[in-house]
Amino acid sequence: IPAGIGNANANWMGSLPSKLSAMPLKHLAVPGSHDSFTYWVDVSAPVGPDQKAYVKYLATMFSVVAKKVMVRWSMTQNLTFKEQLDAGIRYFDLRVSAKPGELGNDIYFIHGLFGHTVRDGLIEINTFLTRHKKEVVFLDFNHYYAMNAEHHVNLINMLQQVFGPRLCTNCSVESITLDFLWEKKYQVIVFYHHTSGQSHPVLWPGNKIPAPWANTTKPNKLTQFLDTTLKDRNKQGSFHVSQAILTPRANTVAKGLVWGLRYYLVEKNLPTIMSWVEAQKPGVGGVNIITSDFVDLTDFANIVIKLNNSLLSEKDRKAR
């Protein structure tokens with residue numbers, strides 16, 4: 133089993149020293165996953181509406197072959213939700229879509245190809261939270277495809293049905309500490325980047341969780357971008373996501389067709405990305421949420437969680 137997998141971090145928030153649970157959550161280091169739900173995609177479904185026209189065309193022309201290639205490029209995680217939660221991941225980057233032409237209001241996770249239904253994923257998270265009362269998750273719904281007003285109503289109702297009183301009401305980011313959340317029994321902070329979410333007190337607006345995106349295949353450009361955007365981080369009123377990810381371009385996909393994202397882009401460059409992560413400090417002006425692809429390839433979650441030790445003095449560490 134690769135490092136960081138297993139239940140070692142299933143209760144890491146609940147195990148933090150009281151000095152850290154009293155700090156604003158925006159000053160703690162929290163591990164997250166990019167395109168969190170892509171550990172399974174449905175090769176038999178049509179190509180997702182999030183894809184460019186030429187990809188859809190190719191997929192229609194060379195249906196099975198093209199989709200197998202797409203699977204290699206659209207899977208950015210290998211772990212299921214529960215496995216990610218057990219490993220310590222607490223921020224999830226979610227892209228959702230209806231299936232064009234499908235009757236009913238079902239909504240699916242998507243990244244190039246359709247994945248599991250959103251309801252199944254939410255239930256899986258809720259089951260984990262029921263067993264781990266002090267763990268808190270950030271659910272960042274930031275891309276929506278092929279969804280009409282009714283789909284949004286359905287998704288918002290579903291969030292309220294599944295999580296109920298665990299949903300944290302939108303309030304000042306500075307007031308959100310783990311102590312505050314534990315006292316209120318809140319375990320889920322949902323960010324909803326769509327106007328449909330505006331009137332719902334339990335949905336947080338997207339501007340409270342900026343996640344600047346480097347959009348590069350070069351690791352040195354990525355780390356430069358991460359440093360710059362960290363310096364520009366909002367002083368007040370928001371959490372912050374550092375996306376430690378490289379993004380394939382069309383020509384990268386062509387070169388790495390046979391290998392797929394995991395080998396071609398991620399594994400080669402992980403040492404550079406991870407040494408950036410290891411050098412970070414949480415706290416004022418420091419990192420908050422850090423996301424990565426294939427969080428199981430390294431001890432990613434562990435490394436991010438351990439950054440919080442830098443906020444403790446020797447005395448605090450002994451007091452654990």
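Last residue of the sequence shown? That's 452 in the numbering used here, and every number before it is there in order. Ideal Cβ placement from N, Cα and C applies to all residues, glycine included.
query: Per the contact definition of three or more C-beta pairs closer than 8 angstroms, is the segment 139 to 150 in contact with the segment 218 to 229?; result: yes
query: Just reading off the alpha helix (DSSP H) that G164 is part of, what are its end residues?; result: Per DSSP, G164 belongs to no alpha helix (DSSP H); it is in the beta strand (DSSP E), V162 to S165.
query: Go through its chain and collect everything with a Cβ distance to L160's Cβ below 6 angstroms, but skip five positions before and after it.; result: P414 and N440
query: Just the C-alpha distance for L226 and T249, rounded to the nearest angstrom, thanks.; result: 12 angstroms
query: Would a C-beta distance cut-off of 8 angstroms place V305 and S370 closer than the cut-off?; result: yes
query: Is it right to say V416 is buried, meaning 16 or more other beta carbons lie within 10 angstroms of its own, or is it exposed?; result: exposed
query: According to DSSP, T309 sits in a beta bridge with which residue or residues?; result: P156
query: Have a look at A346, L378 and T327 and flag the residue whose alpha-carbon is nearest the alpha-carbon of N280.; result: T327
query: Determine, using beta carbons only, whether V294 and I321 come nearer to each other than 8 angstroms.; result: no
query: Whole-angstrom Cβ separation of N237 and H283, contact assumed at under 8 angstroms?; result: 5 angstroms
query: Using 10 angstroms around the beta-carbon of W336, count the other beta-carbons present and answer buried if the total reaches 16, otherwise exposed.; result: buried
query: Is DSSP giving V334 helix, strand or coil here?; result: coil
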